[in-house]
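Chemist: Handing you a structure now.
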Amino acid sequence: MSRHSDNSLQESTNNTVLLASPTNTIPKDSRERVQQFMHNLQDEICKGLEQLDGEARFHQDYWERAEGGEGRTRVIREGRVA
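With the numbering used here, the residue at position 33 of the sequence shown is 33, and numbering never jumps.
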């Protein structure tokens, strides 16, 4: 069993590359990509819960705020899970 000194730990952490460095750029479509990822994740979770329950279905409500922001809320109803 080998032991590492504090120096070797410091050396290994000094090589960290920051994601927010000036040379990295954020893709122009990053907001859309994140939104699509979150919608797909929500779809998968809801589908899985509906299948697990066997009876319940999600009801969804789309919303948008005047000052910015939007989303969709889902509530499971009429099933054994909730």
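Even for Gly, the Cβ is constructed at its ideal location relative to N, Cα and C.
All of these numbers come straight from a predicted model, not from anything done at the bench.
For D61, which option in R74, L41, V34, N40 has the closest C-alpha, if you only look at C-alpha atoms?
Modeler: R74
Chemist: In whole angstroms, what separates the C-alpha of R33 from that of N40?
Modeler: Taking the straight line joining both Cα atoms gives about 11 Å.
Chemist: Suppose contacts are defined by Cβ-Cβ distances below 9 Å. Is L52 in contact with F58 by that definition?
Modeler: no
Chemist: By how many angstroms is the C-alpha of N24 removed from the C-alpha of D101?
Modeler: Here the chain covers residues 1 to 82 and nothing more, so residue 101 does not appear.
Chemist: Select from A66, C46, R65 the residue whose C-alpha is nearest the C-alpha of R77.
Modeler: C46
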